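Those letters in the sequence shown? Residues 1 to 216, per the UniProt record's numbering, in order. In what follows, a structure is listed as structure tokens, so that the remarks can point back to it.
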Amino acid sequence: MSEVLFMRHPETLGNTAHLFSGRRNVELSDRGALQCARAVRALVDWRPDRILTSPLVRCRSIAFGAALCLGIEPEVEGRLVEIDFGALEGLTAAEGRERGLAFPWPVGPDGRSRPAPGAESFEHLMGRAADFLEDARGFGGRVACVTHGGMTRALLGAAYGMEVDRFWDMAIGNVSSQIFVGDGSSRLMVSAMGLTPEEVAARGRARTALEKEENQ
1 MSEVLFMRHP ETLGNTAHLF SGRRNVELSD RGALQCARAV RALVDWRPDR ILTSPLVRCR
61 SIAFGAALCL GIEPEVEGRL VEIDFGALEG LTAAEGRERG LAFPWPVGPD GRSRPAPGAE
121 SFEHLMGRAA DFLEDARGFG GRVACVTHGG MTRALLGAAY GMEVDRFWDM AIGNVSSQIF
181 VGDGSSRLMV SAMGLTPEEV AARGRARTAL EKEENQ
């Protein structure tokens, strides 16, 4: 069996300023620093066998902290990185509109997204998510992945077969988690969505107690 948890990073200064941060490294806000501590404790209690993380610092802050406590090596996974906003990077939505750039990407009559110059299309993002989920079904055991809001939407969109003009509508809170499960013979299925760090920790502690009881 595989149990794969996807957790969004903590709140950043880019989030509070409503900027398109994308592939930029941005600092955590004061609230984000507290969220990071909660997220690290949650993953430690959830006791993953592996921890994978986006290359960006806002994700690594959780992954490396939890891995250190658990005595395992975190793994940087490029496919978990956020969508590239291209010409929108570092701008607010209002600033983007002033430059004629809309987000979410408009979808043309052919059903395909029209990204900003230099940006990643929704099709490419969804393909990246689907490719990762295909590999993840063979992971085995418990695996925690620390990623981004856009990538989490793409993972859920790929799992549910959503159209590119719909998947971005989902709300994904900072340090919220989604859990996928599978037996390796078919695609992973969503088993839980929108878990707080405390709910993730409670699931981990309950499983630990059950394992101890079974071993006695």
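Idealized CB from N, CA, C, for every residue including glycine. Computed from a prediction, not measured in an experiment: that's the story for all the values here.
Assumed close pair residue i, residue j - CB separation to whole angstroms, cut-off 8 Å
i: F20; j: L91; result: 6 Å
i: L43; j: A144; result: 5 Å
i: M189; j: V181; result: 6 Å
Closest residue to residue i among the options (Cα-Cα distance)
i: R142; options: P55, W46, F132; result: W46
i: L125; options: V107, E98, R153, G111; result: R153
i: D49; options: R41, L70, A116; result: L70
i: F167; options: A202, E213, R31, M151; result: M151
i: A130; options: D110, G149, T147, L156; result: L156
Residues sharing a beta bridge with residue i, DSSP
i: R112; result: Paired residue(s): none; R112 is not in a bridge.
i: I179; result: L5, A192
i: G141; result: S2
i: V146; result: M7, T53
i: V107; result: S113
i: L19; result: T92
i: T12; result: L28
Residue j beta carbon less than 8 Å from that of residue i
i: A102; j: L133; result: no
i: I172; j: A192; result: no
i: E89; j: R23; result: yes
i: P106; j: R114; result: yes
i: G194; j: S2; result: no
i: V81; j: L52; result: no
Any non-hydrogen atom of the ligand MG closer than 7 Å to residue i Cβ
i: R31; result: As far as ligands go, the structure on display features none, and thus does not contain the ligand MG.
**OP:** Any chance you could list the alpha helix (DSSP H) runs of at least 4 consecutive residues sitting entirely within the region 28-76, in chain order?
**Re:** 30-46, 57-70
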